[in-house]
Amino acid sequence: MIPLDVDGPVTIEVFTVAHGHEGLVLTGPCGAAPWLIETGEGEHPLETAVRIIEGALPGSLLVHSTSWRFERNSVVLTFLAVVPDPGSMDAAPVSRSDLARNAEHAAPDEISYGQVLEHALRHLAWLAKDDEVVNAALDADWLEALAGYVPEPFQQLS
Numbered sequence: 002m003i004p005l006d007v008d009g010p011v012t013i014e015v016f017t018v019a020h021g022h023e024g025l026v027l028t029g030p031c032g033a034a035p036w037l038i039e040t041g042e043g044e045h046p047l048e049t050a051v052r053i054i055e056g057a058l059p060g061s062l063l064v065h066s067t068s069w070r071f072e073r074n075s076v077v078l079t080f081l082a083v084v085p086d087p088g089s090m091d092a093a094p095v096s097r098s099d100l101a102r103n104a105e106h107a108a109p110d111e112i113s114y115g116q117v118l119e120h121a122l123r124h125l126a127w128l129a130k131d132d133e134v135v136n137a138a139l140d141a142d143w144l145e146a147l148a149g150y151v152p153e154p155f156q157q158l159s
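Under my numbering, the first residue of the sequence shown is numbered 2, with each subsequent residue one higher.
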């Protein structure tokens, strides 16, 4: 991998999503909340995310970076970890959320974790149609669950 040169901390935020009996559920080591992992100096965020996710969630179907933002004096890289089922971890149904909207040259003032998850699932839905690897990793139930997640264009210039 290409060395990453970032001054300051990088936080990995992981949304662990499974397809349960009632549809998509947010789950993981932190239950129905994002899982935050700090990287050490010189650690590559993707390699660190994959190593920790696969160690804690054996059998994960897919790990994909979906977005980034600057928050709490740290670059936060968001990853979506797709797992086959929640197992014994706490889980809650995924709720839909409006996307966070920004200006032409500025980030939104506030971004809720529900908005980050909404963006991640819309991104995954787009990849499921456009990326052979992602499409092959997801079964028919996943593809059906993602059908309602539609990417939206940047709206500030329209």
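A virtual CB, placed ideally from N, CA and C, is assigned to each residue, including glycine. Here the structure is a predicted model, which means the values were calculated and not measured.
Exercise. Which one or two residues does DSSP pair with Leu1 in a beta bridge?
Worked result: Outside the modelled stretch of the chain, which goes from 2 to 159, sits residue 1, for which no answer is possible.
For this session: Please confirm whether Leu62 and Pro87 have their CB atoms less than 9 Å apart.
Result: Reading the sequence shown from its first residue, position 61 is the one you call residue 62. Reading the sequence shown from its first residue, position 86 is the one you call residue 87. No. Outside cutoff.
Problem set entry | Beta-carbon proximity list for His120, same chain, < 7 Å, skipping 5 on both sides | Within the sequence shown, the letter at position 119 stands for residue 120. Taken in chain order, the residues that qualify are Thr67, Ser68 and Leu100.
Exercise. Counting along the chain, where does the alpha helix (DSSP H) carrying Ala141 start and finish?
Worked result: Taking the first residue of the sequence shown as position 1, residue 141 is located at position 140. Counting along the chain, the alpha helix (DSSP H) containing Ala141 begins and ends at Ala141 to Leu147.
Problem set entry | Top-ranked residue by Cα proximity to Glu14, from Gly29, Val95, Trp127 and Glu111 | Here residue 14 refers to the residue found at position 13 of the sequence shown. Comparing Cα positions, the closest option is Gly29.
Exercise. Taking just the CA atoms, how far does Leu118 sit from Ala19?
Worked result: Reading the sequence shown from its first residue, position 18 is the one you call residue 19. Reading the sequence shown from its first residue, position 117 is the one you call residue 118. Spanning the two alpha carbons is a distance of roughly 13 Å.
For this session: Determine the closest residue to Gly32 out of Pro94, Ala146 and Thr12, with distance taken between C-alpha atoms.
Result: Residue numbering aside, residue 32 sits at position 31 when the sequence shown is read from its first letter. Taking only the C-alpha atoms, the option nearest Gly32 is Pro94.
Exercise. Would you call the CB atoms of Thr12 and Ser75 closer than 9 Å?
Worked result: Locating residue 12 in the sequence shown gives position 11, counting from the first residue. Locating residue 75 in the sequence shown gives position 74, counting from the first residue. A contact, by the Cβ cut-off of 9 Å.
Exercise. Going by C-alpha distance, which of His65, Ala92 and Ala107 is nearest Val83?
Worked result: Residue 83 sits at position 82 when you count from the first residue of the sequence shown. If we check each option's Cα against that of Val83, His65 comes out closest.
Problem set entry | For Leu47, the three-state DSSP class (helix, strand or coil) | Reading the sequence shown from its first residue, position 46 is the one you call residue 47. In the structure shown, Leu47 sits in a helix (DSSP, three-state: H, G or I).
For this session: From the DSSP output, in three-state form, read off Arg102 for me.
Result: Counting from one through the sequence shown, the residue named residue 102 turns up at place 101. Coil at Arg102, not helix or strand.
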